[in-house]
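A.B. asks: Heads up: the sequence lines are chains A and B, in that order.
Start counting the first sequence at 669; every next residue gets the next number (the numbering used here).
Start counting the second sequence at 664; every next residue gets the next number (the numbering used here).
All C-beta atoms in this analysis are idealised placements derived from N, C-alpha and C, irrespective of residue type, glycine included.
As the structure is a prediction and not an experimental result, all values here were calculated from the model.
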Amino acid sequence: MTAFIAGPNGTADFSDTPLWLSVVKALFIFVYLLVSTLLVIWFERRVIGRMQQRPGPNRNGPFGLLQTLADGMKSMLKEDLKPANADSVVFTLAPLITATMCFVSFSIMPLAGDVTLFGHRTPLQLTDLPVAVLMVLAVAGVGIYGIVLAGWSSGSTYPLMGSLRATAQMVSYEIAMGLSLVSVFLYSGSMATSQIVQAQESLWHFIPACFAFFVYVVTMVGETNRLPFDLAEGEGEIVGGYFTEYSGMRFAMFFLGEYINMFTVAALATTMFLGGWQAPFGLPDNGWWGLLWFTAKLWFFMFVFVWLRGSLPRVRYDQFMRFGWKFLIPTTLLWVVAVAFYVAAKNNWFGGPILQIAGRDYSLAVLIVIGVCASLVIVASWILGDRAERRAAERLPQIPVEVDPFAGGYPVPPLPGQRLVEPGAADDAYAATKEVSRG
Amino acid sequence: MGDAAVTIGTGEQVMFWILAPIAVMASLGLVFARKAVHAALGMALTMIILGVFYIAQGADFLGVIQIFVYTGAVMMLFLFVIMLIGVDASDSLIETLKGQRWAAGLLVLGLGGILVSAVGSVTYGLSDGVAQTNTSKGNVPAMAELIFGRYVWVFEVTSALLITAALGAMVLAHRERLGKGPNQREWSRRRFEKGENLAGLPVPGVYARHNAVDTPALLPDGSISELSVSRVLSAREQTRSPLADLEAEDAIRAEIESGSER
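1) Based on Cα-Cα distance, which residue from A/P998, A/D1029, A/I906, A/V801 lies nearest to A/Y985?
2) Identify each residue in the stretch 709 to 724 of chain B for which the Cβ-Cβ distance to at least one residue of chain A is less than 9 Å, and report them in chain order.
3) Taking the DSSP output, what are the residues bridged to A/D1029?
4) Should A/F911 be labelled buried (16 or more other beta-carbon atoms within 10 Å of its own) or exposed?
5) Please state the DSSP three-state secondary structure of B/A880.
6) Report back the beta-carbon spacing between A/G1020 and A/A1033 to the nearest angstrom; my notes put them in contact at under 8 Å.
7) Would you tell me roughly how many angstroms separate the C-alpha atoms of B/M710 and A/Y914, rounded to the nearest one?
8) Closer than 9 Å, CB to CB, is B/L864 near chain A or not?
9) So that I know if they touch, is there some Cβ in chain B lying closer than 9 Å to that of A/G809?
10) On the three-state DSSP scale, how would you describe B/S888?
11) With 9 Å as the threshold, decide whether the Cβ of A/P798 is near any Cβ in chain B.
12) When DSSP builds the beta bridges, which residues end up paired with A/R1087?
13) Would B/S780 be called buried (16 or more neighbouring beta carbons within 10 Å of its own) or exposed?
14) How about B/N846: is its C-beta nearer than 9 Å to some C-beta of chain A?
15) Do A/Q735 and A/R718 have their CB atoms nearer than 9 Å?
16) Answer with buried or exposed for B/T673, where buried requires no fewer than 16 other C-beta atoms within 10 angstroms of its C-beta.
17) State the beta-bridge partners of A/T963 as determined by DSSP.
18) Could you check if A/L832 is buried or exposed, using at least 16 other CB atoms within 10 Å of its CB as the buried criterion?
19) With a 10 Å radius around its C-beta and 16 neighbouring C-beta atoms as the bar for buried, classify A/V1004 as buried or exposed.
20) Throw me the rounded Cβ distance for the B/I712 and B/A686 pair, which I believe falls under 8 Å.
21) Quick check: is the beta carbon of B/L833 nearer than 9 Å to any beta carbon in chain A?
22) Look at B/L861 and B/V876 and say whether their C-beta atoms are less than 9 Å apart.
23) Alpha carbon to alpha carbon, what distance is there between A/S840 and A/V757?
24) What are the residues in the stretch 724 to 747 of chain B lying within 8 Å of chain A by C-beta distance?
25) Would you tell me roughly how many angstroms separate the C-alpha atoms of A/T760 and A/M777, rounded to the nearest one?
26) Please report whether the beta-carbon of B/K843 lies at a distance below 9 Å from any beta-carbon of chain A.
27) Just reading off the alpha helix (DSSP H) that A/T790 is part of, what are its end residues?
28) According to a CB-to-CB cut-off of less than 8 Å, which residues of the stretch 793 to 804 of chain B neighbour chain A?
29) Count the CB pairs spanning the stretch 720 to 730 of chain B and the stretch 795 to 814 of chain A that are closer than 8 Å, and state whether there are at least three.
30) Tell me the rounded alpha-carbon separation between B/A807 and A/V799.
31) For A/M829, tell me which candidate among A/V850, A/D898, A/R789, A/G781 has the shortest Cα-Cα distance.
32) Do A/G943 and A/W872 have their CB atoms nearer than 9 Å?
33) Under 9 Å between beta-carbons, which chain A residues line up against B/Y707? List them in chain order, please.
34) Can you say whether A/E747 is buried or exposed, counting buried as having 16 or more other CB atoms within 10 angstroms of its CB?
35) For A/K965, count the other beta carbons within 10 Å of its own beta carbon; 16 or more makes it buried, fewer makes it exposed. Which is it?
36) Taking 9 Å as the threshold (beta carbon to beta carbon), is A/E905 in contact with chain B?
Written out as C-alpha cells, the structure reads:
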C-alpha cells in the first residue's frame, strides 16, 4: 500500500526517491508508451481484421508483430513534403506539440503501488500533484494546439476545416469530461491520482459513479478523435482533416500522438473509475503486480476503442454537437449536483438520525437524497418518454384503413392492414382517404 | 516562511532564467506579430509559462488552472481570428489616423508611469507563504476555503455578471430566421420562372489532362464560363485557367497530324 505524506495536501510519498530514480522512471514510462504504441497499432489492425473476417497484417515477424516497426521505418525514410502556402515554422511546430505533449500526462498516472527499485522504496509513478487530474486536462488543452495549428498552417482548405472541427469538438467535450470527473473527486475527496486509487480500495468508482463513467467513456472517444467521433479527420468528407498536407515523419508524429493520447485517456479512466492498479477479486496487487493489473485494464479500454471503430459509422457533425451540448453537459451537471448532495448527506453535514437497516448504518439524510433523486429520475423519464412517444407517433405517416387501388389511375396493392374498397364506392373512399391524410 | 527573505532553489532559478526570456519574447511577439494567429500563439505561450511559474512556486492549483483556462481562452481567440478576420489576415502597417502612433506611445508611457508609481508604493503585510499553507491546510482546500467562504459573494456576483454578458452577446448576435429557406425544388422552380440556366449552372471543366472544381468550363463557342466555378474560389483567385490544357491539346493534335503526313 502506498504511504502518504500526512496532511490535506496528500499525495504519494516520494521521500525515498532520489532525482536519478525519477529520471529512470521517466525513461521507463517513455519506453512503456512507445512499446505499447507499437503493439496497439498491430493489435488494432489484427482485431479489426478479425471483425471484418480477414487476417490483418501477418507477414512481418511472428503474427505480423513487426509490421508497425516496418511502417515506422517507412515513414522515417519517406519524403517530407511541405506545401508552398504553409506557414513553415508553425507547420513544423504543430506535430512537435502533439508528439511531446501526449507523453506529459502519463507522469501522474500511478502504474503500480510501492515497488522496490534499485534499493529504494518508491511508488511506480513519476510524480504526483494535489491537482494531478486537472493537470491531465490542462496538458490535453495544450496538446490540441498541435491539431489546430497543423490545420491552420497547412494553408489549405480541408485541413483548416478539420482543425476548426477539432477545436469545437475539444472545447465542447472537455466540459463534459471535466464535469464527469468532478463526481469522482467528490467521492474520493481528492484530485491526486494516488489518493483516488486509494479511495477505491473497497469499491471501484464505476459503480457509484456509473453515469459519470458512461459520460467519461463517451467523451474520451471524442477527445482522442477516434471513430465514431473522428470528425476532425473524417476521410470521407474532408480528405484527412488536419493532417492532409503532412507526410513522412511529421505525419508519423501525429499518428504517435493519437495513439499515446488513447493510452492517456484510457489510463485516466482506469485510475478514476476502475481502481487503478488494484486487483479484482482480492488477487495480489502489491508491488509490481499492480503494473500487471493496470496494463490489463488499459488494454481493456484499447479493445473498446478498436471495437467501437470496427462497429460504428461516423456521426454527423451537428448530431455530435447536439449530443455534447444538449445531452451530455446538462445531464452531467445534474449528476454532479446529485452526487454532491449524496456525499454531503453521507458525511452527515445535514444532521438527522442514523437508521439501522439490515445491520448497516444509514443516515436518514442519505436515504432522503437517494429517494428524491430516484423519484426525480422516474418522473423525468416518464414525462420525457411520453413526449418522445408522442413525437414519434406524429412523425409516422398516416395510413388510411381503406384504399382505392385505382385512385391514381394505376393499380396499387394495399399496404399490410389495409382493406381494398369495392370499385363502386371508389369516389367516396377517395374522399375519405383525403380526409384522413389531412387530419 | 514567515520572513520576507525567501530562498529560491537552484532548480527554480535555472528554470526561471530559461523560461522568463521565452515568456518575454512571446509577449513581445503578441504585440508586434504581423499575423493575428501568431499573436494569439505568443499569448498562449506566455500564459503557459506563467502557469509553470505558479506551479514552481508551489501554487499547484492556480498554475494548472491558469494553463487549463488560458489554453481554452486563446483557442476561442484563435477561432474568432479565423472567423472574423480571415485565415491569413495580417496587420497593415499603413497609418490611417495621422499621428496616432505618437499619441498612443505618449499615453502608454503615461499609463506605465501611473502603474509603476501606484504598484511601487504598495506595501503588503507579512503573509503565511504558499509552503506554509500547503503543509498546514493543503493547496486545494485552502483555495476552496477562500473561494467558497470568504469571497463567495464576490465570485458569485462575478460569475452572474459574466453569464449575463455572455447571454447578452448571444441575444444581440442571434438572428431569427424569418420563414423557411428555399429547398432544391424551389430553386428549380425559380430557375424555370426566370428561364435561365434551366438545367442548373454549368459544371466545372473536364479535360483529358485535368479534372477539378477549380478549372472553369468552356462554352461551345470556346469562351470561358465564369458560372462553372464556385464564387468563393474566384474571389480567392484560386481558379486555374483551362487555356494551358487547350494549348497542350492543340500541340498533341498537331503532332498527330504531322505524324499522319509522315
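C.D. replies: Checking against the coordinates, here is how it stands:
1) A/I906
2) I711, G714, I718, D723, F724
3) A/Q1024
4) buried
5) strand
6) 5 Å
7) 28 Å
8) no
9) yes
10) strand
11) yes
12) A/E1070
13) exposed
14) no
15) no
16) exposed
17) Answer is none; A/T963 lacks a bridge partner.
18) buried
19) buried
20) 4 Å
21) The identity of residue 833 of chain B in the sequence shown is Met, whereas the question assumes Leu. Not an interface residue.
22) no
23) 29 Å
24) F724, V727, I728, I730, F731, T734, G735, M738, M739, F741, L742, I745
25) 29 Å
26) no
27) From DSSP, A/T790 is part of no alpha helix (DSSP H) but of the beta strand (DSSP E) over 788 to 792.
28) N797, T798, S799, K800, G801, N802, V803, P804
29) yes
30) 13 Å
31) A/D898
32) yes
33) Note that residue 707 of chain B is Ala in the sequence shown, not Tyr. Chain A residues near B/A707: V810, Y813.
34) exposed
35) buried
36) no
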